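Heads up, the thing below is written out as structure tokens.
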Amino acid sequence: MGRDVQKQSSWMGVRGRYVFLVLLTIQCSSSILLLHYSRVMPVVGDQRYITSTAVFLNEVIKLAICLTIALYEVSKSAPPSMPATSLFGSLAAAIFTGDSWKLAVPAALYTISNSLQYIALSNVEAVQFQVTYQLKLIATAVFGAMVMRKSLPYAKWMILLLLVAGVALVQIPPVDPHELDRRTHVYLPRRLSDLQQFGVAAGPVLRKRSATYEGIQDDMIQGHPVFNARTGLLTTLGACFASGLAGLSFEKVLRDSTQSTSVWIRNVQLAIYSIFPALFIGVIFLDGERVAKRGFFHGYNWTVWSVIAGQAVGGIAASFCISYSELGLLQAASAMSIVLSSLASPFFFDIQVSAYFILGTLIVLVACFVYIPSPLNAKSDLRPRLPPIRIEKAKSSPDTDGSGQELAVPPNDFSIKLPTTPLISEASALTTSRPGSPSPARHHARAHSSRGYFGRQHHEN
1 MGRDVQKQSS
11 WMGVRGRYVF
21 LVLLTIQCSS
31 SILLLHYSRV
41 MPVVGDQRYI
51 TSTAVFLNEV
61 IKLAICLTIA
71 LYEVSKSAPP
81 SMPATSLFGS
91 LAAAIFTGDS
101 WKLAVPAALY
111 TISNSLQYIA
121 LSNVEAVQFQ
131 VTYQLKLIAT
141 AVFGAMVMRK
151 SLPYAKWMIL
161 LLLVAGVALV
171 QIPPVDPHEL
181 DRRTHVYLPR
191 RLSDLQQFGV
201 AAGPVLRKRS
211 ATYEGIQDDM
221 IQGHPVFNAR
231 TGLLTTLGAC
241 FASGLAGLSF
251 EKVLRDSTQS
261 TSVWIRNVQL
271 AIYSIFPALF
281 IGVIFLDGER
291 VAKRGFFHGY
301 NWTVWSVIAG
311 QAVGGIAASF
321 CISYSELGLL
331 QAASAMSIVL
341 SSLASPFFFD
351 IQVSAYFILG
361 TLIVLVACFV
371 YIPSPLNAKS
381 DLRPRLPPIR
391 IEKAKSSPDT
401 DGSGQELAVP
411 PNDFSIKLPT
421 TPLISEASAL
431 TTSRPGSPSP
441 ARHHARAHSS
451 RGYFGRQHHE
461 N
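Counting with the UniProt record's numbering, you get residues 1 to 461 for the letters of the sequence shown.
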């Protein structure tokens with residue numbers, strides 16, 4: 001017993017925070033690097049995979065994982081004789097509770113943020129995206145002051161301005177725009193000799209168009225995608241603000257909730273409300289024609305599936321940090337992942353790093369670690385919030401109200417009832433078995449009757 005308590009305290013304490021921070025940092029870095037590689041790697045077939053299908057499958061996998069664990073939690077508190085239909089009914093009642101509809105807003109914002117990340121990482125390098133993505137701190141601060149009335153000291157606003165300066169330095173191109181590499185400038189061969197010099201790798205791509213030059217430009221772009229810096233920057237900023245607003249709205253729903261709901265139930269609710277915009281807006285409305293023409297899983301390989309799984313795990317981890325009031329832990333992991341990505345990118349990608357990029361990255365890292373509170377020294381352990389305390393006055397019956405109907409008490413709530421004085425009325429003083437002095441009403445009645453009696457005698461005389 002003592003060993004289990006010690007193990008639990010070790011995981012819930014500083015050592016557990018350190019392990020969770022390291023794992024979350026590795027997940028953030030590997031997920032971004034894999035996503036970027038899936039958008040610039042050699043194509044599977046003749047086209048790349050459709051990003052809206054990946055966003056939809058991300059939510060489906062997240063829903064399957066969280067729904068399984070939530071069903072296990074509900075089954076632990078249910079009697080063994082409960083049928084499966086009643087068990088699923090209890091799970092559905094826990095999921096579609098009174099305030100579950102409020103999660104539709106953060107779920108839609110998370111879906112928008114995930115979709116914009118795919119577009120951004122198709123147009124910028126992974127490290128550049130991660131550095132720019134730290135502007136989410138500014139979005140969180142601004143929306144926190146507007147939505148949740150959070151105030152920041154003047155020094156932290158100055159740190160955020162320093163963060164903006166570092167991000168601006170990172171956006172400076174490393175070389176002259178006319179000397180960009182072939183990933184940002186596509187060379188289109190016009191003669192057969194130029195096509196032969198392009199390499200043997202161009203043969204399989206052009207095997208279906210050997211008799212014509214029609215479509216060669218599309219083939220070259222698919223093999224060597226074009227980076228659009230403006231599109232990458234705008235979509236990264238959009239992902240920052242959507243993710244920051246989604247995190248704050250999710251936190252507000254948790255704080256305003258009067259019920260103690262499991263984290264897995266909250267993840268199921270988020271996944272359910274995220275599936276609808278991902279399917280109907282992304283897959284059907286925006287990419288419905290391409291999905292019908294190429295197929296839903298066109299262009300998929302192990303890299304794409306790894307990206308989807310990593311995004312699902314990252315979404316669950318982010319919701320855990322918000323639910324347990326550990327937003328600083330998530331922000332610290334996102335900042336530390338920049339270091340890992342900066343070390344790994346030269347080995348996996350042919351990137352050119354300038355002095356402006358290094359200086360801007362260092363400024364962003366310093367600003368992040370000064371702005372974010374240390375997650376290892378936080379006072380709150382990784383545990384959910386205490387349920388709210390309700391204070392009620394005593395009713396005529398502890399389980400019913402005055403009309404005889406039972407009071408609806410939310411589960412796992414602390415209820416404190418303030419008892420009234422049993423001798424507050426004459427009837428209670430006569431019926432109680434507890435010793436006590438006469439009630440004020442009875443004493444007042446005696447005094448009033450005596451005064452009235454002598455008043456009548458004086459009136460008769």
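Beta carbons: idealized from backbone N, C-alpha and C, even for Gly. It should be emphasised that the depicted structure is a prediction, and the values quoted were computed from it without experimental measurement.
Taking a contact to require three or more Cβ pairs closer than 8 Å, the segment 301-311 and the segment 14-33 qualify as touching. For Ser274, the enclosing alpha helix (DSSP H) covers residues Val263 to Phe276. A direct Cα-Cα distance of roughly 26 Å separates Ala126 from Ala271. Annotation for Asp287: Ile50 and Ser52 place their beta carbon closer than 7 Å to its own, counting only its chain and skipping 5 residues before and after. Counting other Cβ atoms within 10 Å of its Cβ, Pro106 reaches 16 or more and is therefore classed as buried.
If you look at Trp101, you'll find it isn't in any alpha helix (DSSP H); DSSP assigns it neither H nor E. Fewer than three beta-carbon pairs drawn from the segment 65-78 and the segment 236-243 are found closer than 8 Å, and the two stretches are therefore not classed as touching. Restricting attention to Val43, Lys150 and Pro174, the CA atom closest to the CA of Asp350 is found in Pro174. In this structure, the CA atom of Ala246 is about 5 Å from the CA atom of Leu109.
Straight through space, the alpha carbons of Thr132 and Ala333 are spaced by roughly 15 Å.
By the Cβ rule, the segment 146-157 does not count as touching the segment 111-120, because fewer than three pairs are nearer than 8 Å. The continuous alpha helix (DSSP H) containing Gln130 extends over residues Ala126 to Tyr133. Annotation for Phe250: Pro106 and Ile322 place their beta carbon closer than 6 Å to its own, counting only its chain and skipping 5 residues before and after. CA-to-CA, the gap between Asn267 and Lys102 works out to about 13 Å. Beyond the five residues adjoining it in sequence on each side, Thr25 comes within less than 7 Å, by CB distance, of Ala333, Met336, Ser337 and Leu340 in the same chain, given in chain order. Segment contact: the segment 131-146 against the segment 158-174, three or more CB-CB distances shorter than 8 Å; contact assigned. For Lys150, the secondary structure class from DSSP, reduced to helix, strand or coil, is coil. Straight across, the Cα-Cα distance linking Arg294 with Gly314 is about 29 Å. Rounded to the nearest whole angstrom, the CA to CA distance from Arg255 to Met148 is 10 Å. Lys156 is not a Cβ neighbour of Phe241, given a cutoff of 9 Å.
Here Ser243 is not near Ser115, since their CB atoms are 9 Å or more apart. By the 16-neighbour rule on beta-carbons within 10 angstroms, Leu23 is exposed. The C-beta distance from Ala367 to Gly166 rounds to 6 Å, short enough to meet the 8 Å contact threshold. Leu327: member of the alpha helix (DSSP H) spanning Leu327 to Phe348, first to last residue. Excluding five sequence positions before and after Ile95, the CB atoms of its chain that fall closer than 8 Å to its own CB belong to Ala70, Ile265, Val268, Gln269 and Ile272, given in chain order.
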